[in-house]
Structures are given as C-alpha cells and as structure tokens.
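Offset between the sequence shown (1-based) and the working numbering: plus 3. All C-beta atoms, glycine included, are put in the ideal place defined by N, C-alpha and C.
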Amino acid sequence: MEVRTDIIAAPPPLPARPFRQSLAAFAVDLLLAMGLVFGLSVAGLAAWAVVRGAQLGLEGGAALDPGQVAARIGEPQGTALLVISVFATAAAALALYFWRGRASAGERRASRAAALRASTWGWAALAGLAAFAISATVTTLAQQAGIEQVPANQPLIEAVGARHPILLPLFVVLLAPLYEELLFRRVLFGRLWAAGRPLLGLVLSSAAFACMHELPGTGGNGPLAGTLLWTCYAVMGALFAWVYRRTGTLWAAIGAHALNNLVASALLLWSVH
Numbered sequence: 004m005e006v007r008t009d010i011i012a013a014p015p016p017l018p019a020r021p022f023r024q025s026l027a028a029f030a031v032d033l034l035l036a037m038g039l040v041f042g043l044s045v046a047g048l049a050a051w052a053v054v055r056g057a058q059l060g061l062e063g064g065a066a067l068d069p070g071q072v073a074a075r076i077g078e079p080q081g082t083a084l085l086v087i088s089v090f091a092t093a094a095a096a097l098a099l100y101f102w103r104g105r106a107s108a109g110e111r112r113a114s115r116a117a118a119l120r121a122s123t124w125g126w127a128a129l130a131g132l133a134a135f136a137i138s139a140t141v142t143t144l145a146q147q148a149g150i151e152q153v154p155a156n157q158p159l160i161e162a163v164g165a166r167h168p169i170l171l172p173l174f175v176v177l178l179a180p181l182y183e184e185l186l187f188r189r190v191l192f193g194r195l196w197a198a199g200r201p202l203l204g205l206v207l208s209s210a211a212f213a214c215m216h217e218l219p220g221t222g223g224n225g226p227l228a229g230t231l232l233w234t235c236y237a238v239m240g241a242l243f244a245w246v247y248r249r250t251g252t253l254w255a256a257i258g259a260h261a262l263n264n265l266v267a268s269a270l271l272l273w274s275v276h
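Take a look at the structure:
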C-alpha cells in the first residue's frame with residue numbers, strides 16, 4: 004500500500020527564511036505581542052473604569068466621598084479581569100497571525116489531514132497529561148519541602164469559578180488554549196521552525212510563554228517558588244511545541260493545552276469547594 008507522504012509530513016509553518024532574518028522576525032513578533040497585550044489591557048481597564056463609574060452613579064455613588072468612589076472604580080471584578088486578559092491576548096494573537104504569518108493553503112491542507120489521524124490525538128493526550136503530571140509533581144515536592152507556590156492566575160480562576168462556574172471552562176479550557184497556541188506556537192515557534200532551528204524556537208517560545216504566566220520576582224511568590232512555577236510553564240510550552248511539530252497540526256497543541264487546563268482547573272475548583 005502506497006503511503007501518501009505529501010499529506011503525512013506537514014510543511015514548515017512559514018515559508019523558509021534565512022536564520023538571522025527569522026530570529027529578527029521572532030524578536031519583532033514578541034515585541035509587538037507585548038505591546039499589543041499591554042496596550043489593549045490598559046484600554047480594557049480604562050473602559051471598565053468608565054463602566055464602573057457609570058454604575059456607581061446609577062447606584063447612588065454621589066453619597067460616597069471621592070476616595071471611596073476611586074477605590075470602588077479601581078477594583079475590577081475577577082470576571083472583568085479575565086475578560087480583559089482574554090480579549091487583549093486573543094486580539095494580539097490574531098493580529099500577529101494575520102499580519103505577520105498567515106498559514107499557506109498547503110499548511111492548512113496538511114493540518115487538516117493530520118487532525119484526522121487518531122495518532123495525532125493520542126500524542127496530544129500524552130502531551131497534555133504529561134504537562135499536568137510534571138506540574139503536579141513539582142508542586143507536590145515543593146510543598147513537602149515547605150515551598151508554597153501560588154500561580155499568579157489562581158486567585159482569578161478561583162474567583163471566577165465561584166461566581167460564574169460556567170464561564171470558567173469557556174475561558175480557561177476553550178479560549179485560552181486557542182489564542183495562546185496561535186501566538187506562542189504558530190507565530191513565535193513557527194518562525195524558527197521554518198528557519199530550520201526548531202529547538203531554538205522551542206526554547207525561546209517556551210520561555211516567552213512562561214514569562215507571560217509567571218515572571219519570577221513578581222507577584223506574591225518568593226524567588227524559589229516563582230522560579231519553579233516559571234519552569235513548569237516553560238516545560239508545558241515545550242511539550243505543546245513538541246506535539247505541534249510531532250503531529251504537524253496546531254490542533255494537537257491546542258488539544259494538549261486544553262486537556263492540561265481542564266484537569267488543573269477541575270482539581271483546583273474541587274479543592275476549594
């Protein structure tokens with residue numbers, strides 16, 4: 004039986020380019036993503052402040068002193084913060100994809116063919132469960148050593164899960180894997196994969212992915228706890244990049260990411276109820 008290697012072997016995500024040019028493009032993409040996420044987040048928070056101000060006015064906010072009004076306006080609810088975060092990062096991912104590296108017709112055909120293979124989803128399940136298992140193991144060992152880790156997004160997830168349990172799976176399990184994989188794997192990792200440097204692309208895109216989730220030295224974690232969390236996110240990013248390249252379709256990376264988030268968020272919500 005003849006094997007159709009033209010559809011099994013996925014082409015590089017982007018047209019091949021010289022290495023230095025691709026590395027420069029990676030840096031530009033990363034800077035653009037950071038700028039877009041920051042700018043859109045600020046715009047979202049400003050819009051939220053306007054909405055909150057209008058709500059306070061309708062609720063009789065005039066009875067509050069200016070300091071109380073400012074404090075209440077400046078306290079976004081967990082759901083609002085999650086929506087702003089999703090909107091900012093998703094918009095940045097889509098803008099960079101369509102502006103800087105839209106998939107060719109050949110890539111889309113190869114991706115669809117790969118997504119129809121059962122083995123693709125076996126690799127995706129393996130990567131997703133491995134990502135969760137590694138993170139859970141590191142967390143357990145850290146707790147036994149007296150190192151308490153609190154992911155930066157954990158309070159937000161707990162708050163949204165308590166108030167809007169239906170919205171949490173929508174954002175964490177469906178939307179976040181879609182836009183994060185589009186940005187970090189398709190756009191950023193894809194730049195250096197196409198240049199013939201997939202290992203470097205895996206390292207750099209995974210580091211960027213980890214920094215977006217947990218930047219050591221920020222938040223309420225100590226240096227060691229923050230570094231361990233950052234490392235877990237970097238390993239997750241590496242696994243998702245690996246399964247993307249292994250299967251030839253971004254849908255496998257999205258599936259692995261969604262599975263990891265599903266298990267992690269389900270256990271987190273179960274532990275707080």
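Check	Outcome
Looking at the structure shown, is Pro219 part of a helix, part of a strand, or coil, going by DSSP?	coil
With a cut-off of 8 Å, do at least 3 Cβ pairs link the segment 102-122 to the segment 216-226?	no
Count the other C-beta atoms from every protein chain shown that fall within 10 angstroms of the C-beta of Val53, then say buried if there are 16 or more, exposed otherwise.	exposed
Are three or more beta carbon pairs between the segment 84-93 and the segment 37-53 nearer than 8 Å?	yes
Pick helix, strand or coil for Pro168, following the three-state DSSP scheme.	coil
Taking 9 Å as the cut-off, decide whether the C-beta atoms of Ala93 and Ala36 are in contact.	no
Is Arg283 near Gly104, with beta carbons less than 9 Å apart?	In the structure as shown, the chain starts at 4 and stops at 276, and residue 283 therefore has no counterpart that could be examined.
If we ignore side chains and look at the alpha-carbon of each, how far apart do Leu99 and Ala261 end up?	22 Å
Ignoring anything shorter than 4 residues, give me the alpha helix (DSSP H) runs that lie fully in the segment 138-206, in order along the chain.	157-166, 179-183 and 193-197
To the nearest angstrom, report how far apart Leu232 and Leu173 are at their CA atoms.	24 Å
To the nearest angstrom, report how far apart Tyr182 and Ile257 are at their CA atoms.	9 Å
Is Ser88 helix, strand or coil by DSSP?	helix
What distance in whole Å lies between the Cβ atoms of Thr142 and Gln152, which are believed to be in contact at a cut-off of 8 Å?	6 Å
Do Ala267 and Phe135 have their CB atoms nearer than 9 Å?	yes
Please state if the CB of Gly131 and the CB of Ala241 are separated by a distance shorter than 9 Å.	no
Write down the C-beta distance between His216 and Asn264 rounded to the nearest angstrom, noting that I regard them as a contact closer than 8 Å.	With 8 Å as the limit, His216 and Asn264 do not qualify as a contact, their Cβ atoms being about 11 Å apart.
Find out if the Cβ-Cβ distance for the pair Phe22, Leu207 is shorter than 9 Å.	no
Rounded to the nearest angstrom, what separates Ser25 and Ala198 at their Cα positions?	6 Å
With 16 other CB atoms within 10 Å as the buried threshold, where does Thr140 fall?	exposed
Spatial neighbours of Leu203 within its chain, please: C-beta separation below 6 Å, excluding the five flanking residues on both sides.	Leu195
Can you find a heavy atom of the ligand MG that lies under 8 Å from the Cβ of Pro168?	Only the bare structure without any ligand can be found here, which leaves the ligand MG out of the picture.
For Ala148, is the classification buried or exposed, using 16 other Cβ atoms within 10 angstroms of its Cβ as the cut-off for buried?	exposed
Taking the alpha-carbon positions, what's the Ala83 to Arg120 distance?	39 Å
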